[in-house]
Structure formats: C-alpha cells, structure tokens
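Count the sequence shown with our numbering and you get residues 4 to 441, in order.
A virtual CB, placed ideally from N, CA and C, is assigned to each residue, including glycine.
If you're wondering where the values come from, they're calculated on a predicted model, not measured in any experiment.
In what follows, a single structure is set out as structure tokens and then discussed.
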Amino acid sequence: MHQAAVQQLLDIAPRGAVVAAVRESLDAARTRRAGPPDDWEEDIRDRLARRTAAELRPVLNATGVILHTNLGRAPLADAAIRAVLAVAGGYSNLEFDLSSGSRGSRTDHCRSLLRLVTGAEDGLVVNNAAGALLMVLNALADGREVLISRGELIEIGGSFRIPDIIQRSGARLREVGTTNRTHLQDYERALDGGVAAILTVHRSNFEQRGFVASPEPEKLAELATRAGIPYLYDIGSGLIADLSRWGLISEPRVADALAAGAGLVLFSGDKLLGGPQAGCVIGDRALVARCRENPIARAVRADKLTLAALAATLSLYQDDDAAVRSIPVLTMLTLSAADLERRAVRLASLCPGSVDASILEGESAVGGGAFPEGVLPTSLVALNAGPLGPDGLSLRLRHGQPAIVTRVAGNRVLLDPRTLPEESFTAVANAIEQALSS
Ligand SMILES: *Cc1c(COP(=O)(O)O)cnc(C)c1O
C-alpha cells in the first residue's frame with residue numbers, strides 16, 4: 004500500500020477497493036503455479052480496473068445510433084440535468100403540498116405539463132412504458148379480453164413481448180386478423196360482452212410492406228366508442244415535436260394519436276421524447292384516474308429524479324424550435340449534412356498524425372424502436388486500424404479513457420460524429436492516440 008504506484012490508485016478508487024485488489028494480487032501470487040506477477044503494480048492496477056469495469060459509467064457513443072438502448076437511450080437536455088441536480092442532493096416537495104402543509108401526491112408532478120404540451124385531459128407518469136402498459140391493462144381489462152391485431156404481437160427487445168405483458172396484466176389476449184392484414188371487420192366481429200378494450204401497439208422497430216392492411220386509428224376509436232369500451236394506443240417513441248420539416252414523418256405523434264380519438268395514449272420518456280426513462284399515460288380523465296388508483300401504479304411509480312428530468316424536458320416542448328435546439332435527441336436527429344461534414348473534418352483533423360483517418364459518406368440510425376427504416380445520411384471518420392486490426396482497435400477504444408463505442412466495417416473503425424458531442428472531440432482524439440500507442 005505504501006508503494007508510490009499503489010498510492011496513486013487511491014486518487015481514483017476508494018481505499019477499500021485498492022486494498023481488496025492488493026489482497027487479490029497477493030493471493031493469486033501464492034496460489035498460482037507461475038508465482039508472483041512480473042509487475043506487481045500493473046497486476047494490482049488491472050485487478051482494480053476489472054473490479055470497477057462492471058459498474059455503470061459514461062461512454063462516448065460513436066456508433067451514430069441515436070437512441071442506442073444498450074448505451075442508455077436518450078442523453079438528457081441541460082435543463083433536465085439541472086432539474087435532477089436541484090432535487091438530487093436534498094429534500095423536495097415530492098409528495099408534499101407546500102400551500103396546505105400536508106401530504107401531496109407524487110402523481111401531480113408532470114401532470115399539468117403533460118396536459119399543456121399534449122393537449123390531453125390528464126396524464127400519469129410511471130417508471131417506463133412497459134410498466135405503463137401492464138398497469139393500463141390491469142386497470143381497464145383485468146379478467147376480460149383485449150382485442151389486438153396479429154400483426155402487432157411484437158417483441159420490442161430486451162424480452163418485452165406484447166402477448167406476455169397482456170397475459171401478466173390479467174387481461175385475456177384476443178387476436179384478430181392476420182400477420183399482414185387486419186381489417187376493421189375483424190375487430191367488429193370479435194366484439195362481444197367480454198371485450199374490455201381495443202389495443203393498438205406501434206410496431207416500432209420494423210415496418211411491414213407489400214400486401215398489408217390495418218385500419219386507421221380513427222376507425223378503431225370510433226368502433227370502440229360505439230361498443231362503449233376504451234381504445235388504447237401504445238405509440239412507443241413519444242414523438243411530440245413535428246419533425247416533418249426534416250422528412251421524419253413515419254412515427255406516430257402523440258398529438259395524432261389523441262386526435263384520432265384514443266382514450267389513452269402510452270409512450271416512453273427516453274425515446275424520441277428525449278427525456279429520462281419513464282412511461283407516460285395520457286388521455287381521458289376518468290381512464291387515467293382508474294390507472295392512478297390501480298395498485299400496479301404504485302409498484303411501477305417513477306422516482307423523484309425521473310420526475311424532475313421529465314418535467315424539465317416536457318417544459319421545453321412549449322416551443323418546438325427550442326425543443327429541437329435543446330433536446331439532444333432532436334438536435335442529433337436534425338443535424339444538417341453540412342454540419343455533420345464539418346464535424347467529421349474537425350474530428351479527423353484532431354486525430355493523431357500516426358493514424359490514417361479519412362472521411363466517408365455513411366448513414367446513422369435512429370435506434371430505440373423509432374423510424375426503423377429512416378435513413379440519416381452522415382459523414383463518418385474512418386480509421387485505418389493497421390496491425391491492431393479493426394476489432395483490436397475498437398476493443399482498445401472501449402477499454403480507453405473515456406470508453407468509446409464504435410462501428411467496424413472492413414479493415415476500418417468508423418466514428419459517426421452525429422452522436423458525439425463536439426466538446427468530446429479532443430478527448431476522442433487523445434483516446435485514439437492512447438489506443439494506438441499502448
Ligand atoms: C419501446 C416500446 C415500449 C417499451 O418502452 P420502455 O419505456 O422501454 O418500457 C412499449 N411499447 C412500444 C410500442 C415501444 O416501442
């Protein structure tokens with residue numbers, strides 16, 4: 004512990020972790036046939052790094068996949084980060100009414116903002132959209148049937164499957180139509196006293212083309228109203244802003260789903276909405292009230308950090324242009340070709356002279372189950388991996404400081420400046436230099 008190199012480790016890790024790494028190194032030296040390591044300090048440093056590697060830490064996303072689910076989906080807007088900081092270190096009025104001085108409700112936060120920016124009668128926020136769907140179905144259809152098209156019995160990824168969620172909610176799944184074509188009459192014919200709701204789930208991560216049909220949400224809402232049951236629409240990505248100016252039109256918007264007549268609209272907070280992980284349920288006041296009173300609402304409730312970040316994000320949507328400017332997901336989605344090229348040129352120019360970096364035309368992806376077929380042209384920085392090989396270089400970059408996740412194509416490692424903050428370029432260039440020289 005007194006050796007200088009080990010002492011230095013105390014600057015980056017708690018004493019207990021360093022002691023544990025030293026003990027582990029000693030134990031290994033005693034039991035290993037090869038005996039002690041060639042370099043104790045390096046062995047201890049490696050063991051310490053391995054102990055902390057599994058923990059959550061920041062990485063730079065150079066893949067160009069904007070809503071990369073494995074990398075934590077949406078980065079937050081500055082306003083949302085400030086809002087989290089403001090409540091994180093102290094107390095807040097989470098469930099306290101400051102006017103009356105008595106108990107308040109956690110569900111009041113975000114409620115008026117959801118109403119304001121979506122135009123819905125009421126709204127409720129829970130931990131995530133999968134939880135929201137579970138809660139909504141249990142609240143409105145427990146023990147009864149839910150009609151859904153066979154073309155929408157989808158898997159979202161990470162073992163979230165619509166048929167399983169419906170079953171676990173206590174509702175009974177009643178499939179209508181076929182994989183590729185479902186008509187209004189299919190729903191109509193299935194309607195009887197046992198049906199509690201009609202559900203539409205946005206396919207999210209794929210599109211169907213060819214011999215396909217599905218009724219307009221308006222028609223399903225009308226049908227549900229005639230039958231006296233709610234029409235539920237899980238739109239997935241939570242797109243609020245109008246991105247048609249940028250040609251991004253294939254995702255259902257929150258406002259469209261409400262205008263179509265959905266009784267409840269469900270969506271995620273951390274996809275195209277660009278906020279924290281959350282599940283939003285908006286729509287008819289009486290239906291939202293039934294959800295709020297359901298015990299699952301308590302089981303999947305949102306925490307204060309989420310509510311703070313979501314409120315600050317929603318607040319930005321009071322002005323669409325401000326939203327596009329300040330919500331990173333929307334900014335990244337709408338970067339111009341000229342901007343992307345300028346960024347790529349700058350990043351390439353910062354790369355060490357020893358690496359062969361060139362600019363390539365390529366494509367970014369939206370990710371996160373949104374705009375699955377969307378093509379986002381971009382400019383890539385392509386690094387010739389040299390003797391390390393592309394997998395070797397990308398591995399080193401993942402283990403670097405900062406950790407950088409890249410794409411690989413042929414013998415090259417590709418960096419997409421769309422998903423890298425400009426402030427990170429110098430650090431990226433330094434990490435590349437490190438990776439090539441270590
Ligand atoms: C992504 C998605 C969900 C799940 O959302 P989470 O917030 O990740 O739980 C549910 N439904 C649809 C249609 C989705 O696209």
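Beta-ladder partner(s) of V268, from DSSP: Y236, I285
Give the secondary structure of G126 by DSSP, where H, G and I count as helix, E and B as strand, and everything else as coil. strand
Check whether V369 and G356 have beta carbons under 9 Å apart: no
According to DSSP, is G370 helix, strand or coil? strand
Determine the direct distance from the alpha carbon of L97 to that of A86, and round the result to whole angstroms. 13 Å
If you draw a straight line from the C-alpha of P17 to the C-alpha of A24, how long is it? 11 Å
Could you check whether N387 and V358 sit closer than 9 Å to each other, using their CB atoms as the reference points? yes
Under 8 Å from any heavy atom of ligand 1, does the C-beta of L235 make it? no
What are the complete beta strand (DSSP E) segments, minimum 3 residues, inside the stretch 179 to 213? 198 to 204
Give me the Cβ distance between A216 and T185, rounded to the nearest whole Å; I'm assuming they're in contact under 8 Å. 7 Å
Is A174 close to ligand 1? I mean its beta-carbon at under 8 Å from any heavy atom of the ligand. no
Roughly how many angstroms lie between the CA atoms of Y236 and T66, to the nearest whole one? 31 Å
Whole-angstrom C-beta distance between V90 and L308, which should lie under 8 Å: 7 Å
Let's test the definition: count the other Cβ atoms within 10 Å of the Cβ of P393 and tell me whether it reaches 16, buried, or not, exposed. buried
Which residue's Cα is closest to the Cα of N408: V327, L398, A37? A small fix is needed here, since residue 408 is Val in this sequence, not Asn. Looking at the Cα atoms, L398 is the closest of the given residues.
I243 to I159, Cα distance in whole Å? 21 Å
Would you check whether ligand 1 has a heavy atom nearer than 8 Å to the C-beta of A133? yes
Can you look up E3 in the DSSP assignment and give me helix, strand or coil? As shown, the chain starts at 4 and ends at 441. That puts residue 3 outside it, with no answer to give.
By Cβ distance below 8 Å, which residues in the same chain neighbour L137 in space, the five residues on each side in sequence not counted? I168, R171, S172, I299, V303
With a floor of 3 residues, list each beta strand (DSSP E) that falls wholly inside the stretch 95 to 153, ordered by position along the chain. 125 to 129, 148 to 152
Report yes if the C-beta distance between R175 and G196 is below 9 Å; otherwise report no. no
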